Amino acid sequence: VEATGLYHIYRERDVETVALRGARLALRPGSWTSLTGPSGSGKSTLLQILAGLLTPTAGAVLVDGDDMTRMTPDERARCRRRRIGVVLQRDNLHPGLDVAGNIALPLRLDGQPAGAIRDRVGTLLDEVGLADRRHRWPARLSGGEAQRAAVAVAVAARPAVLLADEPTGELDERSTSAVLDLLEAARAAHGTAILTVTHNPAVAERAGRSLVMRDGVIGDD
Ligand code: ADP
Ligand code: ADP
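Residue numbers (full-length UniProt numbering): 6 to 226.
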């Protein structure tokens, strides 16, 4: 993924907030980048744009050379589904599917055979320590369980890019390392490019590169 010249302006009635002012960022296959920065500096806005969930006011987001900002909503949804895994701060899980169903969903949309899906879901449930929660509804999970489930969903289809906003925000030390190990496994085994937005030093420590966002622009640490 390569983003250049990103500007984003939120307009609410007659109030304008410039959230991004010329941000650029490249995520190479197999890299892990950590992004920090003060609250309000534009990190979540950037993540949503990279995920194709928000269209920037100006700028380009190239995914394998295709500009996501110029795609139709259908094309963008397909690109997201095929190539991008996202962990947001909330609302990552489909409320109408249990934990196993949520993890299975991206694999089903990808057209994978039932046996492969069952194996992959079982492995991921074990890896995030949710084997005994497989039939729970999202509404009945703790914050930490929901977060671990969200990470399992995001890596399930082995995306080219994984974007995560504070993926360990609600986790204790042990779950934090399980989640970080899962991200590292995706990076090492499938060359998934990872971007973690975090204030947690344990997360930043796993990254090969640290960037800081200030006032809508990204600089080196
Ligand atoms: P961060 O994730 O670094 O805290 P954000 O991207 O959430 O930063 O916010 C960047 C700026 O954009 C802030 O000034 C914030 O108040 C503003 N902003 C974020 N989301 C919205 C929104 N939906 N409507 C209006 N302003 C917003
Ligand atoms: P078991 O039947 O052994 O308890 P699971 O409940 O984990 O196994 O489900 C086995 C497989 O069925 C999963 O890997 C997934 O592919 C699929 N699955 C489970 N729940 C759902 C659901 N709600 N929606 C869609 N597929 C599901």
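Even glycine gets a Cβ: it sits at the ideal position worked out from N, Cα and C. The structure displayed is predicted, hence computed values, not measured ones.
Practice problem: With a cut-off of 8 Å on the beta carbons, I'd call residue 211 and residue 185 a contact; round off their distance for me. | Solution: As a working note, residue 211 is residue 206 in the sequence shown. As a working note, residue 185 is residue 180 in the sequence shown. Between residue 185 and residue 211 the Cβ distance is about 5 Å, and since that is below 8 Å, they are a contact.
Exercise. List the endpoints of the continuous alpha helix (DSSP H) containing residue 49.
Key: To locate residue 49, count along the sequence shown from 1; it is residue 44. Its alpha helix (DSSP H) spans residues 48–55.
Quiz item: From 193, 216, 181, pick the residue whose C-alpha is nearest to that of residue 208; which is it?
Solution: Residue 208 sits at position 203 when you count from the first residue of the sequence shown. Nearest C-alpha to residue 208: 181.
Practice problem: Would you be able to state if there are at least three C-beta pairs under 8 Å between the segment 15–28 and the segment 70–84? | Solution: no
Practice problem: Could you tell me the distance, in whole angstroms, from the CA atom of residue 183 to the CA atom of residue 148? | Solution: Residue mapping note: residue 183 aligns to position 178 of the sequence shown, counting from 1. Residue mapping note: residue 148 aligns to position 143 of the sequence shown, counting from 1. Each residue's Cα considered, the two are about 16 Å apart.
Quiz item: Between the segment 55–70 and the segment 121–134, are three or more C-beta pairs nearer than 8 Å?
Solution: no
Quiz prompt | For residue 214, three-class secondary structure by DSSP | solution = As a first step, residue 214 must be located in the sequence shown, where it is residue number 209. Reduced to three states, the DSSP call for residue 214 is strand.
Quiz prompt | Distance cut-off 6 Å: residue 215 Cβ against heavy atoms of ligand 1 | solution = Numbered from 1 along the sequence shown, position 210 holds the residue referred to as residue 215. Every heavy atom of ligand 1 is 6 Å or more from the Cβ of residue 215, so no.
Exercise. Report the option in 218, 214, 177, 167 whose CA atom is closest to the CA atom of residue 93.
Key: Locating residue 93 in the sequence shown gives position 88, where the first residue counts as 1. Checking every option, the nearest Cα to that of residue 93 belongs to 167.
Quiz item: Taking Cβ to Cβ, would you say residue 64 is nearer than 7 Å to residue 10?
Solution: The residue given as residue 64 occupies position 59 in the sequence shown. The residue given as residue 10 occupies position 5 in the sequence shown. Cβ atoms of residue 64 and residue 10: closer than 7 Å.
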